[in-house]
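Taking it in order: structure first as structure tokens, then the write-up.
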Amino acid sequence: MSEINLSSAVRSSLSSLQSTANLLSSTQERLATGNRVNSALDDPTAFFTATALNDRA
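Taking the working numbering, the leading residue of the sequence shown gets 7, the next gets one more, and so forth.
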């Protein structure tokens, strides 16, 4: 298998693109569901507070 060498500038650009793609995915999920917190991974404190309040209602 051949090896591909990437310069540090290319690695930095790829990392930036990956970070932007992750942020875009998160934003699209928020827009699609209408919720700021969709899972415990988004904001654990807010998620469990909202879950507790929903259980009381």
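From the three backbone atoms N, C-alpha and C, an ideal C-beta is built for every residue, glycine too.
Where does Asn60 sit, in a helix, a strand or coil, going by DSSP? Locating residue 60 in the sequence shown gives position 54, counting from the first residue. It is helical.
Straight-line Cα distance separating Ser31 from Ala38: In the sequence shown, the residue the question calls residue 38 occupies position 32. In the sequence shown, the residue the question calls residue 31 occupies position 25. Near 10 Å, if we compare the C-alpha coordinates of Ser31 and Ala38.
Bounding residues of the alpha helix (DSSP H) (the contiguous stretch that carries Leu30): Here the question's residue 30 lines up with position 24 in the sequence shown. Residues 14 to 39.
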